[in-house]
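Undergrad:
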Amino acid sequence: MSGTAWYRRQRHQHRCPDSVGGVPIRRLRASAARLPAALFPAVLVRAVLTLVLLAASACGGGDLPTAGPDRQVDHPADTASGEGRPTVGTSTPEVPTPETPTAPETPTAPVTPAATADPATAKDSNQTTATPEDQTAVTPAPRLRYAFPVTGRPISYHPTHSAYPATDIFADCGAPAVAVTDGVVLEVSRVDRYRPGGPAGPFNGGKLVSLLGDDGVRYYGSHLDTVDAGIDPGIRVRAGQRLGTVGRTGNANNVCHLHFGLSPPCTGRDDWWLRRGVIWPARYLDAWRTGTHRSPAGEVTEWRDRHGCPTAP
Numbered sequence: 199m200s201g202t203a204w205y206r207r208q209r210h211q212h213r214c215p216d217s218v219g220g221v222p223i224r225r226l227r228a229s230a231a232r233l234p235a236a237l238f239p240a241v242l243v244r245a246v247l248t249l250v251l252l253a254a255s256a257c258g259g260g261d262l263p264t265a266g267p268d269r270q271v272d273h274p275a276d277t278a279s280g281e282g283r284p285t286v287g288t289s290t291p292e293v294p295t296p297e298t299p300t301a302p303e304t305p306t307a308p309v310t311p312a313a314t315a316d317p318a319t320a321k322d323s324n325q326t327t328a329t330p331e332d333q334t335a336v337t338p339a340p341r342l343r344y345a346f347p348v349t350g351r352p353i354s355y356h357p358t359h360s361a362y363p364a365t366d367i368f369a370d371c372g373a374p375a376v377a378v379t380d381g382v383v384l385e386v387s388r389v390d391r392y393r394p395g396g397p398a399g400p401f402n403g404g405k406l407v408s409l410l411g412d413d414g415v416r417y418y419g420s421h422l423d424t425v426d427a428g429i430d431p432g433i434r435v436r437a438g439q440r441l442g443t444v445g446r447t448g449n450a451n452n453v454c455h456l457h458f459g460l461s462p463p464c465t466g467r468d469d470w471w472l473r474r475g476v477i478w479p480a481r482y483l484d485a486w487r488t489g490t491h492r493s494p495a496g497e498v499t500e501w502r503d504r505h506g507c508p509t510a511p
């Protein structure tokens with residue numbers, strides 16, 4: 199009976215033989231693996247091994263490795279050269295099992311890096327930074343705003359004044375008089391004490407307000423018709439804030455105008471010969487009227503450095 203017929207008979211009867219020709223299948227497999235190829239013709243070796251493999255396949259293949267897409271078995275009879283054939287007295291080399299391929303990683307959305315400082319200014323995380331105790335930050339003084347002392351129209355003034363440096367700003371009675379810059383109110387007079395033939399000087403301004411600006415300059419406005427409620431000594435005001443209204447009190451000669459003077463604060467009160475004005479205001483009024491924030495502080499400081507604070511007119 200040929201090997202093929204025998205195999206078909208076994209498959210038909212659905213039983214698995216334990217031996218072939220009285221020799222156990224396992225022993226045949228072990229013996230076949232140890233047989234040197236030089237003792238038998240290649241055709242005989244192929245026939246014997248084919249019979250063994252067919253018998254083993256009928257029982258599910260036993261423990262022989264099977265060739266597949268992921269696994270290639272090199273049998274001694276399958277190679278034309280001596281490579282891959284086991285030698286006498288040595289064990290059959292193990293066929294390496296390839297690693298099971300893993301599914302590719304699912305790409306994740308790119309992580310947006312956190313914003314970093316400019317490389318030119320970035321600091322190492324271990325670098326010690328200065329603390330307020332060993333580094334003093336110098337904050338520049340804010341630039342002051344300046345406002346023209348009177349709002350509304352018509353307005354006019356002359357660059358000169360009689361007897362001493364000051365400016366008379368002519369406007370309608372009732373026109374708003376405002377703070378020239380941020381500062382604190384020094385003096386307020388809501389009563390017109392001027393009397394013709396009376397003392398010359400102390401009450402000439404009639405109703406008035408003087409302001410110490412944050413720039414160190416005293417700003418003086420007089421001949422007011424009214425002083426607004428809440429404008430009192432010690433009160434802080436801001437540039438452009440209304441202080442009162444233009445009038446003709448004091449020795450205004452019945453002409454509506456605002457007498458405007460610039461001076462150092464000195465005592466801050468009762469020094470009428472200083473508060474009425476010590477430098478010419480015209481060029482500063484020109485700047486403020488056009489929106490230019492020009493400070494008279496430098497010129498006032500120079501005047502005081504030269505003259506001090508005279509104690510009498």
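In terms of the working numbering, the sequence shown is numbered consecutively and its last residue is 511.
All C-beta atoms, glycine included, are put in the ideal place defined by N, C-alpha and C.
(1) Work out the CA separation of ARG341 and THR319 for me, nearest whole Å.
(2) Between the alpha carbons of SER387 and GLY404, how many angstroms are there, rounded?
(3) In its own chain, which residues sit with a C-beta less than 6 Å from the C-beta of LEU472, not counting the 5 before and 5 after it?
(4) Which term fits GLY506, buried or exposed, when burial requires 16 or more other beta carbons within 10 angstroms of its beta carbon?
(5) Can you tell me where the alpha helix (DSSP H) holding ALA485 begins and where it ends?
(6) Look at the alpha carbon of ALA315 and the alpha carbon of ASP413, and state the distance between them as a whole number of angstroms.
(7) Checking the sheet assignment: what are the DSSP bridge partners for ILE353?
(8) Taking the alpha helix (DSSP H) that VAL415 belongs to, which residues open and close that run?
(9) Just how far apart, CA to CA, sit ASP366 and TYR392?
(10) Any idea what DSSP makes of ASP423, helix, strand or coil?
(11) Between ALA377 and LEU409, how many whole angstroms is the CB-CB distance? I'm expecting something under 8 Å.
(12) Under a three-way DSSP split, which group does ARG473 fall into?
(13) Report, in whole angstroms, the separation of the C-beta atoms of VAL383 and ILE433, which I expect to be a contact under 8 Å.
(14) Leaving out five residues on either side along the sequence, give the residues of the same chain with a beta carbon under 6 Å from the beta carbon of ALA485.
TA: Taking the definition as stated:
(1) On the sequence shown, residue 319 is found 121 positions in, with the first residue counted as 1. On the sequence shown, residue 341 is found 143 positions in, with the first residue counted as 1. At THR319 the pLDDT is 38, less than 50, meaning the model places this residue with poor confidence; the figure from the coordinates comes in the next sentence. About 29 Å.
(2) One-based indexing of the sequence shown puts residue 387 at position 189. One-based indexing of the sequence shown puts residue 404 at position 206. Near 8 Å, if we compare the C-alpha coordinates of GLY404 and SER387.
(3) Here the question's residue 472 lines up with position 274 in the sequence shown. Within the same chain, LEU472 has close Cβ partners SER461 and CYS464.
(4) Looking up residue 506 in the sequence shown gives position 308. GLY506 comes out exposed.
(5) In the sequence shown, the residue the question calls residue 485 occupies position 287. It spans 480-487 - the alpha helix (DSSP H) in which ALA485 sits, taken as one unbroken run.
(6) In the sequence shown, counting from the first residue as 1, residue 315 sits at position 117. In the sequence shown, counting from the first residue as 1, residue 413 sits at position 215. Below a pLDDT of 50, predicted positions are generally treated as unreliable, and ALA315, at 40, falls in that range; the measurement from the model is reported next regardless. So the alpha carbons of these two residues sit roughly 39 Å apart.
(7) Within the sequence shown, residue 353 is the residue found at index 155, counting from 1. ALA369, per the DSSP bridge assignment.
(8) Indexing the sequence shown from 1 puts residue 415 at position 217. That residue, VAL415, is in no alpha helix (DSSP H); it is neither H nor E in DSSP.
(9) One-based indexing of the sequence shown puts residue 366 at position 168. One-based indexing of the sequence shown puts residue 392 at position 194. Using only the alpha carbons, I get a separation of about 18 Å.
(10) Against the sequence shown, residue 423 aligns to sequence position 225. Of the three classes helix, strand and coil, the one that applies to ASP423 here is strand, per DSSP.
(11) Stepping through the sequence shown from its first residue, residue 377 is reached at position 179. Stepping through the sequence shown from its first residue, residue 409 is reached at position 211. Their Cβ separation, rounded to whole angstroms, is 6 Å, which keeps ALA377 and LEU409 in contact under 8 Å.
(12) As a first step, residue 473 is located in the sequence shown; it is residue number 275 there, counting from the start. Residue state, collapsed to three classes: helix.
(13) Residue numbering aside, residue 383 sits at position 185 when the sequence shown is read from its first letter. Residue numbering aside, residue 433 sits at position 235 when the sequence shown is read from its first letter. Contact flag correct, Cβ pair sits at about 5 Å.
(14) Working through the sequence shown from its first residue, we reach residue 485 at position 287. If we look at ALA485 and ignore the five residues flanking it on each side, its Cβ neighbours are ARG492.
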